[in-house]
Amino acid sequence: MFQQESDRKSAISIREAYKTYEGGVEALRGVSLEIPSGKVTALLGRSGCGKTTLLNLCGAMDFPSSGIVEIAGQITDKLDDAQLTALRRREIGFVFQFFQLLPSLTALENVELPLLLAGARNTEATALERLRWVELEGKANSLPTQLSGGQMQRVAIARALVHDPRILVADEPTGNLDTASGDVVLALIRRAASELGTAVVMATHSAEAAAIADTRVRMRDGRIESVVQ
Ligand SMILES: Nc1ncnc2c1ncn2[C@@H]1O[C@H](COP(=O)(O)OP(=O)(O)OP(=O)(O)O)[C@@H](O)[C@H]1O
Ligand SMILES: [Mg+2]
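First residue of the sequence shown? That's 395 in the working numbering, and the numbers climb one at a time after it.
What follows is the structure in structure tokens.
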């Protein structure tokens, strides 16, 4: 009974996931984890322990060699390409270490792009609203090269959240930022969970980033070593 209750709150449920890459690297070796809505879950551990591999499963960008990954109630390796694309576009936002904004588009156009791809209406007004949420509406018409690193990452967060995804997957979101810019980005990630109810799963090497998490998952050699709430 209680188990079912907690499962229903999980945006992502990972059960006994193994991942072996071509060439034989066993990147995940029996990982089970629940990622709840409205909370920030941080994946910690030294380089090569499997954080990005696990994030790729959480974002339906890759699949386990065995085990189950359930995102928003759907088991990812049972979906066809069209269903996977729909799952990623509707339910998941991504933020990366190097921002990955399109250089020839303005800040506003970068944020608008996921909506255009999804065939949404009122794309410009919605994108502008999200830029306002990250306090960058004044930079709507700037190109990425005209923004600071911290501003670029705020645009990337606005883009990741523009379609109200249930899940935000962030890989080293402050890895390329100075402390002050990193703090602003972390505050936004925190707000996404607390205000929008987003399930945030974030890989990080930074103590500041780990500090804003509700749950700290320490990984080692493809396994979960400890979970601290
Ligand atoms: N595409 C791939 N093909 C083969 N091996 C891979 C691939 N991606 C990752 N690996 C290996 O899998 C293991 C886990 O890598 P992963 O990228 O998940 O680590 P990480 O915890 O994110 O590390 P970092 O903190 O450096 O980003 C490593 O041994 C890595 O070399
Ligand atoms: Mg990584």
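Positions of the beta carbon are idealized from the N, C-alpha and C atoms, including for glycine.
Ligand 2 heavy atom lying under 7 Å from the CB of residue i
i: Thr446; result: yes
i: Asp615; result: no
i: Asp565; result: yes
i: Ala597; result: yes
Residue i in three-state terms, based on DSSP
i: Ser400; result: For Ser400, the predicted model reports a pLDDT of 42, less than 50, meaning its position is unreliable; a value from the coordinates is still stated below. Three-state DSSP puts Ser400 in a helix.
i: Arg565; result: In the sequence under discussion, the amino acid at residue 565 is Asp, which differs from the Arg named in the question. Three-state result, Asp565: strand.
i: Val589; result: The question names Val, yet the displayed sequence has Glu at residue 589. In this structure, Glu589 counts as helix in the three-state DSSP scheme.
i: Ala454; result: coil
i: Ser407; result: strand
i: Leu537; result: coil
i: Thr500; result: coil
i: Arg612; result: strand
i: Met395; result: Since pLDDT at Met395 reaches only 37, below the 50 mark, its modelled position is unreliable, and the value read off the structure follows with that caveat. Residue state, collapsed to three classes: coil.
i: Gln477; result: helix
i: Ser426; result: strand
i: Gly576; result: helix
i: Ile606; result: coil
Assumed close pair residue i, residue j - CB separation to whole angstroms, cut-off 8 Å
i: Thr520; j: Leu509; result: 6 Å
i: Val595; j: Cys452; result: 5 Å
i: Lys413; j: Ser441; result: That pair is no contact at about 17 Å.
i: Pro538; j: Leu495; result: 4 Å
i: Ala593; j: Ile429; result: 5 Å
i: Arg548; j: Val528; result: 4 Å
Closer than 7 Å: residue i CB and nearest ligand 1 heavy atom
i: Cys452; result: no
i: Ser416; result: Just to set this straight, residue 416 is Glu in the shown sequence, not Ser. Correct: Glu416 has its Cβ closer than 7 Å to ligand 1.
i: Gly439; result: yes
i: Gly442; result: yes
i: Ala480; result: no
Pick from the options that is closest to residue i, judged by C-alpha positions
i: Thr573; options: Glu589, Ala586, Leu590, Glu602; result: Glu602
i: Thr598; options: Leu438, Leu502, Val425; result: Leu438
i: Ile486; options: Leu449, Thr609, Ser600, Arg423; result: Leu449
i: Gly513; options: Arg483, Ala586, Gln491; result: Arg483
i: Val505; options: Gly591, Ala550, Thr568; result: Ala550
i: Asp456; options: Thr609, Phe490, Leu478, Leu502; result: Leu478
i: Ala552; options: Leu571, Gly569, Glu531, Ser542; result: Glu531
i: Val489; options: Ala411, Ser588, Ile583; result: Ile583
i: Asp565; options: Phe492, Ala534, Leu525, Ser588; result: Phe492
Start and end residues, beta strand (DSSP E) containing residue i
i: Met596; result: 593–597
i: Glu416; result: That residue, Glu416, is in no beta strand (DSSP E); it is neither H nor E in DSSP.
i: Arg524; result: Note, Arg524: premise wrong, no beta strand (DSSP E); alpha helix (DSSP H) at 517–527.
i: Arg560; result: Per DSSP, Arg560 belongs to no beta strand (DSSP E) and is neither H nor E.
i: Ser460; result: 460–465
N- and C-terminal bounds of the alpha helix (DSSP H) containing residue i
i: Gly543; result: 543–555
i: Leu437; result: Element bounds for Leu437: not the alpha helix (DSSP H) but the beta strand (DSSP E), 434–438.
i: Glu531; result: Counting along the chain, Glu531 falls outside any alpha helix (DSSP H), and DSSP gives it neither H nor E.
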